[in-house]
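Before any comments, here is the structure.
Numbering (the UniProt record's numbering), first residue to last: 1 to 210.
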């Protein structure tokens, strides 16, 4: 199979889970960052006129980050989705939790928001994480290495992205969650993941913490 090409803007947002899945799955790909002033011209050349977009070697275009991630999970070796349909649904459930706007808002917080909007939205998402999502994820993880057992799946990369972006605005987000903190470091240390994290362009200068 030839090399895949992933297109997105110079942000850490909807491209991150696909890239984590590519890196964690050992899938060869090229990343092309589309600058905002070039988007109108590039947009006219695409089928669905949206990003992220994954282009296969035969020219097939796949848009929508969830569809991209699920495709990558299927072609990775080993696959990043369980064969058992119940376990596969469990993995997808966790992935979809990370698409909930109550936590997905961490992307614009890190990439766009400023001033009072940054402060207000940051406190709101931290509240949702501490009160709802981290307790739920801790229960779903249990005593397993990863959410689906001994093997990593795209669900792990989805949760990792939310927490990794959150740590940019609140480094101590996992200080009270020892199981999740250990899991986070486990995912971070996987082959390909550290290399991907270290290779990214720096995040924008974030607004002051207070």
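We treat Cβ as the ideally placed atom computed from N, Cα and C, and that holds for glycine.
In this text the structure is predicted, and so the values were computed from the model without any measurement.
Among the options, which has the Cα closest to the Cα of residue i?
{"i": "residue 33", "options": "18, 17, 11, 47", "result": "11"}
{"i": "residue 163", "options": "70, 94, 174, 155", "result": "174"}
{"i": "residue 51", "options": "16, 8, 84, 29", "result": "8"}
{"i": "residue 107", "options": "95, 125, 96", "result": "125"}
{"i": "residue 14", "options": "64, 141, 179, 58", "result": "64"}
{"i": "residue 56", "options": "84, 68, 141, 197", "result": "68"}
{"i": "residue 70", "options": "143, 18, 59, 196", "result": "18"}
{"i": "residue 182", "options": "165, 205, 144", "result": "144"}
{"i": "residue 118", "options": "85, 45, 44, 166", "result": "166"}
{"i": "residue 58", "options": "5, 35, 123", "result": "5"}
{"i": "residue 96", "options": "66, 38, 39, 142", "result": "66"}
{"i": "residue 16", "options": "205, 204, 200", "result": "200"}
Short check: CB of residue i to CB of residue j, under 8 Å?
{"i": "residue 172", "j": "residue 110", "result": "no"}
{"i": "residue 105", "j": "residue 152", "result": "no"}
{"i": "residue 21", "j": "residue 72", "result": "yes"}
{"i": "residue 202", "j": "residue 114", "result": "no"}
{"i": "residue 3", "j": "residue 31", "result": "no"}
{"i": "residue 179", "j": "residue 138", "result": "yes"}
{"i": "residue 61", "j": "residue 42", "result": "no"}
Would you please state the rounded distance, in angstroms, between the beta carbons of residue i and residue j? I believe it to be under 8 Å.
{"i": "residue 158", "j": "residue 87", "result": "Not a contact, Cβ separation roughly 16 Å."}
{"i": "residue 184", "j": "residue 160", "result": "7 Å"}
{"i": "residue 140", "j": "residue 177", "result": "The Cβ separation is near 13 Å, so there is no contact."}
When you compare the CB of residue i with every CB in chain B, is at least one pair closer than 8 Å?
{"i": "residue 117", "result": "Annotation note: the requested chain B is absent from the structure, which comprises a single protein chain."}
- Could you tell me which uninterrupted beta strand (DSSP E) segments, each at least 3 residues in length, are contained entirely in the region 5-89, listed from first to last along the chain? Whole beta strand (DSSP E) segments, 3+ residues: 29-33, 53-55, 61-63.
- Starting from the N-terminal side, write out each stretch of the alpha helix (DSSP H) that is 4 residues or longer and does not extend beyond the region 88-149. 101-104, 106-111, 115-128, 134-141
- Give a yes or no on contact between the region 192-200 and the region 126-143, applying the rule of three or more CB pairs nearer than 8 Å. no
- Mind pulling the alpha helix (DSSP H) runs of 4 or more residues that sit fully within the region 165-203? 178-188, 193-199
- Message: Assess contact between the region 100-112 and the region 73-87, defined as three or more Cβ pairs (one per stretch) separated by less than 8 Å. Is contact present?
- Response: Counting Cβ pairs under 8 Å, fewer than three are found: no touch.
- Mind the definition here: the region 59-79 touches the region 20-32 only if three or more C-beta pairs lie below 8 Å; say whether that holds. yes
- Task: Please confirm if the region 138-155 is in contact with the region 83-95, defined as three or more CB-CB distances below 8 Å between the two stretches.
- Result: yes
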